[in-house]
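Trainee: Starting off with a structure, shown below.
There are 2 protein chains.
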Amino acid sequence: MPITLGGTLVNGKPNYITIVHVGIMDHGTVSLGMSKVHYTNAGIKENGTFSVNIPSKACERETDYCGLVSGKSLDKVALFRTFYGKLKTAPMIEECAVNMECRLTETVDFPNHDVFMGQITATYCDEALLTGGTVDFSKVQPILFVMNDRSYWMLGKKFAMAWNIGNNLKITE
Amino acid sequence: MPITLGGTLVNGKPNYITIVHVGIMDHGTVSLGMSKVHYTNAGIKENGTFSVNIPSKACERETDYCGLVSGKSLDKVALFRTFYGKLKTAPMIEECAVNMECRLTETVDFPNHDVFMGQITATYCDEALLTGGTVDFSKVQPILFVMNDRSYWMLGKKFAMAWNIGNNLKITE
Chain R
690 MPITLGGTLV NGKPNYITIV HVGIMDHGTV SLGMSKVHYT NAGIKENGTF
740 SVNIPSKACE RETDYCGLVS GKSLDKVALF RTFYGKLKTA PMIEECAVNM
790 ECRLTETVDF PNHDVFMGQI TATYCDEALL TGGTVDFSKV QPILFVMNDR
840 SYWMLGKKFA MAWNIGNNLK ITE
Chain Z
690 MPITLGGTLV NGKPNYITIV HVGIMDHGTV SLGMSKVHYT NAGIKENGTF
740 SVNIPSKACE RETDYCGLVS GKSLDKVALF RTFYGKLKTA PMIEECAVNM
790 ECRLTETVDF PNHDVFMGQI TATYCDEALL TGGTVDFSKV QPILFVMNDR
840 SYWMLGKKFA MAWNIGNNLK ITE
């Protein structure tokens with residue numbers, strides 16, 4: 690799964706946390722699954738907004754750090770340049786490749802986790818990371834995560850097009 | 690995001706569909722976000738079970754094919770060897786690297802999508818794909834998907850350990 694940094698205001702201050710329990714719900718809604726022990730959850734509930742930031746490999750140390758230290762004990766925001774968009778209360782990270790600004794639409798209450806679902810109101814990306822007007826993930830260099838051994842992986846090569854390579858199979862049947 | 694094949698019984702027959710709108714909710718629950726036009730949704734609602742299968746690159750054509758053709762018009766099950774686990778009603782694909790057998794715990798109703806959340810009751814993996822007793826994704830060779838240009842990508846190299854590489858940053862602050 691791709692590593693993200695979730696952003697929210699907690700007690701009026703930006704806070705960022707490393708989250709890999711992400712999901713795509715429908716074409717405009719994403720989810721963050723967050724243990725209830727986290728400092729960030731209260732901020733999302735209070736403001737009804739959050740951001741999902743996709744860091745590049747270049748931010749690997751800062752990204753890991755945001756998963757090591759709680760916002761309760763340290764102001765992690767000093768690591769990054771913060772900007773705001775339309776929603777005003779969803780802090781985003783300039784150093785990240787892609788930023789999605791989300792309005793909370795639903796919270797699913799698990800025994801130990803809150804799953805926050807957010808409708809994406811705007812997406813931001815550095816123009817240098819676009820090809821043909823859309824995000825080019827070979828330029829983004831997202832950080833992928835495997836929980837089994839707690840490791841970070843790179844995105845590999847593009848090898849085929851979807852809704853395409855199965856066509857031959859269809860013909861030969 | 691990783692490409693998966695969702696499995697369910699529809700009218701008593703196994704059916705598989707290519708799904709990339711997946712999510713991790715908490716440590717034991719995953720989600721499938723599925724357009725309401727799909728044939729599979731009724732089967733998940735009826736049985737209260739489904740499977741999430743992770744195909745390897747070796748299954749790229751079959752995986753793509755399951756996203757091209759609806760179960761309404763063709764019996765896609767002939768492409769694979771099907772097996773069942775504890776739940777009896779969640780068909781799984783032998784050719785896939787990893788299979789998760791899920792019990793439906795919650796459905797979130799979006800305007801055009803059903804998001805099915807399933808608690809994983811068992812996970813299956815070919816022993817040849819394990820290293821040290823856990824799934825080795827360098828052996829699995831999952832298929833990753835980018836929606837922008839509808840392309841399939843390979844997993845790249847492992848480059849660092851999590852909850853680790855940020856430590857140095859902590860020291861230098």
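Chains as they are written, first to last, in this note's numbering: chain R, 690 to 862; chain Z, 690 to 862.
By construction, the Cβ of each residue, glycine as well, lies at the ideal position given by its N, Cα and C atoms.
Nothing here was measured: the structure is a model prediction, and the numbers come from that model.
1) Whole-angstrom Cβ separation of N704(Z) and T729(Z), contact assumed at under 8 Å?
2) DSSP on A811(Z), reduced to helix/strand/coil?
3) Assign E735(R) to one of three DSSP states: helix, strand, or coil.
4) Any C-beta of chain A sitting closer than 7 Å to the C-beta of L858(Z)?
5) What's the C-alpha gap between M690(R) and L833(R)?
6) Find the nearest neighbour of C791(Z) within the set S724(Z), P800(Z), G717(Z), judged by alpha-carbon distance.
7) Can a CB atom of chain Z be found closer than 7 Å to the CB of V766(R)?
8) Skipping 5 residues on each side, what residues in its chain have a beta carbon closer than 6 Å to that of M806(Z)?
9) Please state the DSSP three-state secondary structure of E790(R).
10) Where E749(R) and G855(Z) are concerned, what is the direct C-alpha to C-alpha distance, given to the nearest angstrom?
11) Closer than 7 Å by C-beta to D803(R): which residues in its own chain qualify, once you throw out the five before and the five after it? Chain order, please.
12) Give the DSSP-derived three-state secondary structure of E783(R) in the structure shown.
13) Taking C-beta pairs closer than 7 Å, name the residues in chain Z that R770(R) reaches, listed in chain order.
14) What three-state label does DSSP hand D753(Z) in the structure shown?
15) E735(Z): which of D764(Z), S759(Z), K702(Z), K828(Z) sits nearest, CA to CA?
16) In the DSSP assignment, what residue or residues form a beta bridge with E795(Z)?
17) Examine the ligand GDP and report whether any of its heavy atoms sits within less than 6 Å of the Cβ of N788(Z).
18) Can you give me the C-alpha to C-alpha distance between K915(Z) and I692(Z), rounded to a whole angstrom?
19) Can you find the residues in the same chain that come closer than 6 Å, C-beta to C-beta, to I708(Z), ignoring five residues on each side of it along the sequence?
20) Cβ atoms of T697(R) and I743(R): under 7 Å apart, would you say?
21) Would you call the CB atoms of L776(Z) and E751(Z) closer than 7 Å?
22) Give a yes or no on whether the minimum CB-CB distance between G774(Z) and chain R is below 7 Å.
23) Under a CB-based cut-off of 7 Å, is N837(Z) close to chain R?
24) So what's V719(Z) in DSSP terms, helix, strand or just coil?
25) Can you tell me which of the three DSSP states N856(Z) falls into?
26) Rounded to whole angstroms, what's the CA-CA distance from M843(Z) to G774(R)? Just pull it up for me.
Mentor: The short version:
1) Indexing the second sequence from 1 puts residue 704(Z) at position 15. Indexing the second sequence from 1 puts residue 729(Z) at position 40. N704(Z) to T729(Z), Cβ: 6 Å. Contact.
2) As a working note, residue 811(Z) is residue 122 in the second sequence. Assigned with DSSP and collapsed to three states, A811(Z) falls in strand.
3) Along the first sequence, one-based indexing puts residue 735(R) at 46. Of the three classes helix, strand and coil, the one that applies to E735(R) here is helix, per DSSP.
4) The structure shown has no chain A; the protein chains it does contain are R and Z.
5) Position 1 of the first sequence, counted from the start, is the residue given in the question as residue 690(R). Position 144 of the first sequence, counted from the start, is the residue given in the question as residue 833(R). Computed Cα separation, rounded: 5 Å.
6) Numbered from its first residue, the second sequence carries residue 791(Z) at position 102. The shortest C-alpha separation from C791(Z) is found at G717(Z).
7) Locating residue 766(R) in the first sequence gives position 77, counting from the first residue. At a cut-off of 7 Å between beta-carbon atoms, V766(R) makes no contact with chain Z.
8) The count along the second sequence starts at 1 and reaches residue 806(Z) at position 117. Setting aside the 5 residues that flank it on each side, M806(Z) is surrounded in the same chain by M714, T718, S720, T794, E795, each with a C-beta closer than 6 Å to its C-beta; the list follows chain order.
9) As a position in the first sequence, residue 790(R) is number 101, starting the count at 1. Residue state, collapsed to three classes: strand.
10) Here residue 749(R) refers to the residue found at position 60 when the first sequence is read from its first residue. Here residue 855(Z) refers to the residue found at position 166 when the second sequence is read from its first residue. For E749(R) and G855(Z), the distance between alpha carbons rounds to 8 Å.
11) Sequence index remark: in the first sequence, residue 803(R) carries index 114 (1-based). If we look at D803(R) and ignore the five residues flanking it on each side, its Cβ neighbours are M723, K725, N730, T796.
12) By 1-based counting over the first sequence, the position of residue 783(R) is 94. Note: E783(R) maps to coil in three-state DSSP.
13) Looking up residue 770(R) in the first sequence gives position 81. Counting only Cβ-Cβ distances below 7 Å, R770(R) has no contacts in chain Z at all, with the closest Cβ about 16 Å away.
14) For this step, residue 753(Z) is matched to residue 64 along the second sequence. Helix, per DSSP.
15) Position 46 of the second sequence holds residue 735(Z). Here the closest residue by C-alpha is K702(Z).
16) To locate residue 795(Z), count along the second sequence from 1; it is residue 106. M806(Z).
17) The ligand GDP is absent from the structure shown, which contains no ligand whatsoever.
18) Residue 915(Z) falls outside the range modelled here, since chain Z spans only 690 to 862, and no answer is possible.
19) In the second sequence, counting from the first residue as 1, residue 708(Z) sits at position 19. Within the same chain, I708(Z) has close Cβ partners T693, G695, L721.
20) Taking the first residue of the first sequence as position 1, residue 743(R) is located at position 54. Taking the first residue of the first sequence as position 1, residue 697(R) is located at position 8. Not a contact, by the Cβ cut-off of 7 Å.
21) Counting from one through the second sequence, the residue named residue 776(Z) turns up at place 87. Counting from one through the second sequence, the residue named residue 751(Z) turns up at place 62. No, these two residues do not count as a Cβ contact at 7 Å.
22) Residue numbering aside, residue 774(Z) sits at position 85 when the second sequence is read from its first letter. Nearest CB-CB separation between G774(Z) and chain R: not below the 7 Å threshold.
23) Here the question's residue 837(Z) lines up with position 148 in the second sequence. Yes - at least one Cβ of chain R is within 7 Å of the one on N837(Z).
24) The residue labelled residue 719(Z) in the question sits at position 30 within the second sequence. Looking at V719(Z) - three-state DSSP - the assignment turns out to be strand.
25) For the purposes of this step, residue 856(Z) is taken as residue 167 along the second sequence, with counting starting at 1. In this structure, N856(Z) counts as helix in the three-state DSSP scheme.
26) The count along the second sequence starts at 1 and reaches residue 843(Z) at position 154. The count along the first sequence starts at 1 and reaches residue 774(R) at position 85. M843(Z) and G774(R) have their alpha carbons spaced roughly 33 Å apart.
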